[in-house]
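Accompanying notes for the structure given below.
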Amino acid sequence: MAATATATATADAQIDLWDEPETVSIGKGMTMTFLRNSDYLSRVIISAESDGLTVPLHYHEMHDEIFRVVKGRVRYTLGEAGAKFKAFSWLRATTRFYTAEDGEVVIPKGTAHAIFVEPGQDVVFEERTTPMDDDKEVFFRNVFAVGGLTASPFAVMQIFYHGDGYPALPGGIRILEKALTSLLGHYIAPLLGYKLAYDPLKIKKHA
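Right, dumping it as structure tokens:
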């Protein structure tokens with residue numbers, strides 16, 4: 102994913118996400134638009150010229166995710182629903198393609214999931230969370246600011262730590278996944294000079 106936006110606020114000022122570009126490039130032939138006054142938080146548009154999209158297995162502890170495919174098809178891998186502290190729960194995951202005919206698909210908090218879009222496909226999908234807040238947009242904007250999920254693992258884990266994200270590792274042991282996220286993201290990353298482009302504590306709230 103390509104970084105195309107940085108926070109416009111100074112270090113000590115509030116960051117108003119509504120002052121940021123609503124649409125950002127997230128890679129060749131791909132954009133994400135942050136929706137305002139909508140039932141959904143974001144819309145991803147992928148053109149046939151793209152190299153596809155891959156988001157590895159991860160999960161969230163504080164948010165359910167709800168997505169719907171508007172155009173084309175998206176392959177989702179969904180782990181055992183709500184699995185917490187269940188080793189190797191990813192082995193019981195299901196993988197299938199979703200289309201607009203499937204309607205809304207709910208990913209409960211704690212459920213490992215991955216996303217894949219094939220290269221050369223025209224795809225549109227939307228996403229929201231429960232609770233509905235700014236956390237997802239802040240997470241995405243921080244990811245784009247460092248150049249995507251292939252950036253330094255310290256930068257990525259810092260974003261995960263502050264953005265309700267955890268990697269789903271092969272063993273599937275949640276306490277180890279959370280410990281790794283805390284170690285790299287909360288302790289080591291700041292020592293190495295990493296800082297979030299969008300500090301969740303400085304985000305201006307909109308009614």
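With the working numbering, letter number 169 in the sequence shown gets 270, and the count goes up by one each step, no holes. Glycine residues also receive a C-beta, built at the ideal position from the N, C-alpha and C atoms.
Query	Result
Under 8 Å between C-beta atoms of Phe135 and Phe226	no
Glu162 to Gly130 span [Cα, whole Å]	31 Å
Backbone secondary structure at Ser143 - three-state DSSP	strand
In DSSP terms, what Gly128 is bridged to	Met131
Cβ-Cβ separation, Phe255 to Leu285 (assumed contact under 8 Å), whole Å	6 Å
According to DSSP, residues forming a beta bridge with Tyr64	Here the chain covers residues 102 to 308 and nothing more, so residue 64 does not appear.
Straight-line Cα distance separating Ala269 from Leu281	11 Å
Neighbourhood of Ile208 by C-beta distance below 7 Å, restricted to the same chain and skipping five residues each side	Asp165, Glu166, Leu179 and His214
Gly294 versus Glu205, Ser253, Gly248 and Gly272, residue with shortest Cα-Cα distance	Ser253
Paired residues, beta bridge with Thr282 - DSSP	Beta-bridge pairing links Thr282 to no other residue.
With 16 other Cβ atoms within 10 Å as the buried cut-off, status of Phe186	The predicted model places Phe186 with a pLDDT of 49, which falls under 50 and marks its position as unreliable, so this point remains unresolved.
Inter-residue spacing [alpha-carbon to alpha-carbon] between Gly153 and Phe198	14 Å
Chain-order list of residues whose beta-carbon lies under 7 Å from that of Glu205 (same chain, five-residue window excluded)	Ile167 and Arg169
Local conformation of Glu227 per DSSP, three classes	strand
Run of the alpha helix (DSSP H) containing Lys237, from where it starts to where it stops	Asp236 to Ala246
Chain-order list of residues whose beta-carbon lies under 8 Å from that of Met149 (same chain, five-residue window excluded)	One detail in the question is off: residue 149 reads as Ala in this sequence, not Met. Here the set comprises Gly130, Gly221, Gln222 and Asp223.
Reduced DSSP secondary structure (H/G/I, E/B, other) of Glu162	coil
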